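Novice: Okay, here's the structure, questions in a sec.
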Amino acid sequence: MQTLTIELTGCNSLKALQDLEQKDLIRILKEPEINSYCLPGEPITDEDFRKWVAYTENAPTLSLTEAKQRWADQKTKLQKLIR
0 MQTLTIELTG CNSLKALQDL EQKDLIRILK EPEINSYCLP GEPITDEDFR KWVAYTENAP
60 TLSLTEAKQR WADQKTKLQK LIR
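Residue numbers (numbering that gives the first Met the number 0): 0 to 82.
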């Protein structure tokens with residue numbers, strides 16, 4: 000089982016989710032037990048966190064234009080897989 004937290008943005012969003020719940024595809028938790036905003040898994044040490052920050056700061060960067068192009072290409076590939 001996977002847990003997903005979502006934010007409803009439209010008037011019909013809850014209705015759509017309730018329809019999925021009626022079909023037993025999802026279960027809506029009335030009072031979820033969320034006590035942490037972090038990702039699941041083993042906790043990271045302060046030293047490992049510092050190493051991760053240093054690694055990402057030294058990682059190669061790309062321009063916003065190139066990032067948008069890469070995302071557009073990836074999005075196209077994903078859409079083809081869905082269809």
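By construction, the Cβ of each residue, glycine as well, lies at the ideal position given by its N, Cα and C atoms. Note that this is a predicted model, so its numbers are computed, not measured.
Is residue 13 near residue 25, with beta carbons less than 8 Å apart?
Specialist: Working through the sequence shown from its first residue, we reach residue 13 at position 14. Working through the sequence shown from its first residue, we reach residue 25 at position 26. It is not a contact, given that the beta carbons lie outside the stated cut-off.
Novice: Could you check where the alpha helix (DSSP H) with residue 65 kicks off and where it finishes?
Specialist: For the purposes of this step, residue 65 is taken as residue 66 along the sequence shown, with counting starting at 1. 63 to 81 is the extent of the alpha helix (DSSP H) around residue 65.
Novice: Shortest alpha-carbon distance to residue 4 belongs to which of 65, 19, 28?
Specialist: Walking along the sequence shown from the start, residue 4 turns up at place 5. Comparing Cα positions, the closest option is 28.
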